[in-house]
Amino acid sequence: MQTSSLVLRTKVAKEVLFDPELKRFQDFDFCIALDNHGYRLTYIDDAVVVMTNTDDGQRISNSINLAPVYHWRNKIKPLVSARAYATFSINRLVRYLLLNQEKGSAARLLFNVNNVRHCRKKPYAQMLLLWLTPTAFYGAIKGVIARLRSLKRRE
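Right, here's the structure in full:
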């Protein structure tokens, strides 16, 4: 989700507000807060914004700092389903652990019985494959993907 794609009345945004303590996942948190305030959320399966995705190291979304991930994960646990919690743990936290070369911590999450039981299968399979991939090989793949994206932007 891209924060700039959220459309709502100013009155509602002023009532619910973003959590100023969060460094990441503000958009997801805001949607959960909207739902908790009784507002109905609707997904539109169309491109509604134009976004430039760069590998700029200054972007918050490019950070692999684990503290904000753990903070938000702990915050949402009582607010979301077991499936959503497990899928977030696998899809986001395991990815950041692997990027930080913390394969042991990633394995503990991957093989946690609740995560195995509740996580959506596709993200689980993707992170399991990433965990099994040697770090150097993953870095090379990531470099090729970045190069292909930059070539595509030039077209």
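Residues 53 to 207 (the numbering used here) are what the sequence shown spells out, left to right. Built from N, CA and C at the ideal position, the CB exists for glycine as well. None of these values were measured; they are calculated from a predicted model.
| Asked | Found |
| --- | --- |
| Quick check on the DSSP output: the alpha helix (DSSP H) that includes VAL59 runs from which residue to which? | No alpha helix (DSSP H) holds VAL59; DSSP gives it neither H nor E. |
| So is PHE189 buried or exposed if we call it buried at 16+ other beta carbons inside 10 Å? | exposed |
| In this structure, does DSSP put HIS123 in helix, strand or coil? | helix |
| Taking C-alpha atoms, which residue in PHE82, ARG144 and ARG206 lies nearest to LEU182? | ARG144 |
| For ARG61 and GLU73, I'd like the C-alpha separation in whole angstroms. | 23 Å |
| Roughly how many angstroms separate the alpha carbons of ASP79 and SER133, rounded to a whole number? | 18 Å |
| Can you give the Cα-Cα distance for ARG147 and ASP87, rounded to whole angstroms? | 27 Å |
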